[in-house]
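Student:
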Amino acid sequence: MSDETDPRREAVLAELNRTGRETSAATVVFHEAAAAKQGLSATETKTLDLLMRRGPLTAKELSEQSGLAPASVTGLVDRLERKGCVRRVKHPTDKRRVLVEALPERLAEIQPVFDDWAREVAELCDEFTTAELETVIRFLQGSNARQLRAATRLSES
Numbered sequence: 000m001s002d003e004t005d006p007r008r009e010a011v012l013a014e015l016n017r018t019g020r021e022t023s024a025a026t027v028v029f030h031e032a033a034a035a036k037q038g039l040s041a042t043e044t045k046t047l048d049l050l051m052r053r054g055p056l057t058a059k060e061l062s063e064q065s066g067l068a069p070a071s072v073t074g075l076v077d078r079l080e081r082k083g084c085v086r087r088v089k090h091p092t093d094k095r096r097v098l099v100e101a102l103p104e105r106l107a108e109i110q111p112v113f114d115d116w117a118r119e120v121a122e123l124c125d126e127f128t129t130a131e132l133e134t135v136i137r138f139l140q141g142s143n144a145r146q147l148r149a150a151t152r153l154s155e156s
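Residue 117 in numbering that gives the first Met the number 0 sits at position 118 of the sequence shown, with consecutive numbering throughout.
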C-alpha cells in the first residue's frame, strides 16, 4: 500500500524514524519521572501497567511479556510485593502455579500521576479525525509488534 513513487517518501521516512526515536526518549524520561514520584522504578511501573492491562500473570509470563530474565522477574516481584503493589496468589485451576496480581488500591494511588499527561494526549487527539487516529493506531500496533519481536530475537541470541 506504500506510495514508493512519491518524491517526499525518503524524507518522510527519515522524519518518521527521527520522531520515533524522540518518542522513545520522551517515553523513558516521562516514565522515569512518574515512577520516581511514586517511589518506584520505571521497570516497576511498566510491570504494574502490564499487569493492569493483561490481568494476573505467572512469573514466566511476566518474563516473556516484559523481556526481563526470569531471575530479574523474581526480584522485581519481590520488590513490588514489599512496596504493597502486587501479591502472589494461587492459580485458580492449577494449584502448582502462582500468579502475580496488581493490587487495585495501589494502582488507584498511582493513576493520578498520569492524569495531566492523559489530559494533554486527549487534547492532541482532538486535532485529528477519527480516520487519522485509526491510521496512527494501525501504525503503532504494527511498530509495537515488530519491536517486541526484535526484543525477543535479541534476548534469544
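Idealized CB from N, CA, C, for every residue including glycine.
Below 8 Å, how does it come out for the region 1-11 and the region 29-46: are there three or more Cβ pairs, yes or no?
Tutor: Short answer: they don't touch.
Student: Please classify residue 56: does DSSP put it in a helix, a strand, or coil?
Tutor: DSSP places residue 56 in strand when its eight states are reduced to three.
Student: In terms of residues, what are the limits of the beta strand (DSSP E) holding residue 68?
Tutor: No beta strand (DSSP E) contains residue 68, which DSSP labels as neither H nor E.
Student: Taking the C-alpha atoms as reference points, what is the distance between residue 142 and residue 89?
Tutor: Rounded to the nearest angstrom, the two C-alpha atoms are 35 Å apart.
Student: Can you tell me the Cα-Cα spacing of residue 12 and residue 135, whole angstroms?
Tutor: Looking at the two C-alpha atoms, the distance is approximately 15 Å.
Student: If you follow the beta strand (DSSP E) that residue 98 is in, where does it begin and where does it stop?
Tutor: That run of the beta strand (DSSP E) goes 97-101.
Student: Please confirm whether residue 69 and residue 99 have their CB atoms less than 8 Å apart.
Tutor: No, Cβ-Cβ distance for residue 69 and residue 99 is not below 8 Å.
Student: State the Cα-Cα distance for the pair residue 86 and residue 63, rounded to the nearest angstrom.
Tutor: Those two C-alpha atoms are separated by around 19 Å.
Student: State the beta-bridge partners of residue 89 as determined by DSSP.
Tutor: In DSSP, residue 89 forms a bridge with 97.
Student: Give the range of the alpha helix (DSSP H) segment to which residue 113 is assigned.
Tutor: First-last of the alpha helix (DSSP H) with residue 113: 111-124.
Student: Could you tell me if residue 120 is buried or exposed, where buried requires 16 or more neighbouring beta carbons within 10 angstroms of its beta carbon?
Tutor: Result: exposed.
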